[in-house]
Each structure stands twice: as C-alpha cells, then as structure tokens.
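Residue numbers (full-length UniProt numbering): 1 to 100.
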C-alpha cells in the first residue's frame, strides 16, 4: 500500500498548475469546494460527483451490541454516519492500477 496521502495543499497545488491561478486563489477554491460538500452532507443531502462516486449520510438506529471480550450487552446509541460509494468508472480505474 502506498504511503502517500493526498492533502488539501496537494489539491490546491494541482489547481494552481492546471489552471494557472495563484496559490492563494487555488487554496481558496479547494476550501470553497470542500466547504460546499461538507455543508451539503451536514444538511443530509447526497453529494454525487460524476465518474467518482456518491457521498451520503445514513441514520443508524439504536441497537444492543456485545462486548466481545466479556460478552456483556452494551447499548449503541443512534448516530449519523458518512458513507461513500465509488462509481463503476472509479472502481475500474483503481482495479486497473492494481495490475501494474
């Protein structure tokens, strides 16, 4: 597995190189896009990015869990979780990258 992580600064640098915007403008653009995505998710909306995937928020109900070490039943509180489902194009692209 690769040790490289893509960061906000990496995205801003890519925008700077591709579009020729200043580094500050590129960073602001990346922050604005990520802000819109996170605001939509907080509001419970789905975020679909064509050829990439879909982010969505699921409400999980309360349930009874079990401590695997002691066997004791433990209540698990209701919560909202973020899910991502990649598009078929992204799955194929990642899979083809594994063959090299």
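Ideal Cβ positions, reconstructed from N, Cα and C, are used throughout, including at glycine. Bear in mind that the values here come from a model prediction, so they are computed numbers and not experimental data.
Buried or exposed by the 16-neighbour rule on C-beta atoms within 10 Å, applied to residue i
i: residue 26; result: buried
i: residue 81; result: exposed
i: residue 15; result: buried
i: residue 12; result: buried
i: residue 19; result: exposed
Cβ separation of residue i and residue j, assumed to be a contact under 8 Å, to the nearest whole Å
i: residue 66; j: residue 30; result: Not confirmed; about 43 Å, so no contact.
i: residue 76; j: residue 62; result: 6 Å
i: residue 44; j: residue 57; result: 6 Å
Residues near residue i by beta carbon distance below 7 Å, same chain, minus five either side
i: residue 23; result: 12, 16
i: residue 60; result: 78, 79, 81
i: residue 87; result: 51, 52, 53
i: residue 73; result: 64, 66
In DSSP terms, what residue i is bridged to
i: residue 59; result: 80
i: residue 86; result: 53
i: residue 75; result: 64
i: residue 140; result: With the chain covering only 1 through 100, there is no way to say anything about residue 140.
Own chain residues within Cβ distance below 6 Å of residue i, not counting five before or after
i: residue 40; result: 47
i: residue 4; result: none
i: residue 91; result: none
i: residue 37; result: 47
Nonlocal neighbours in the same chain, by C-beta distance under 8 Å from residue i, ignoring five residues either side
i: residue 21; result: 15, 29
i: residue 69; result: none
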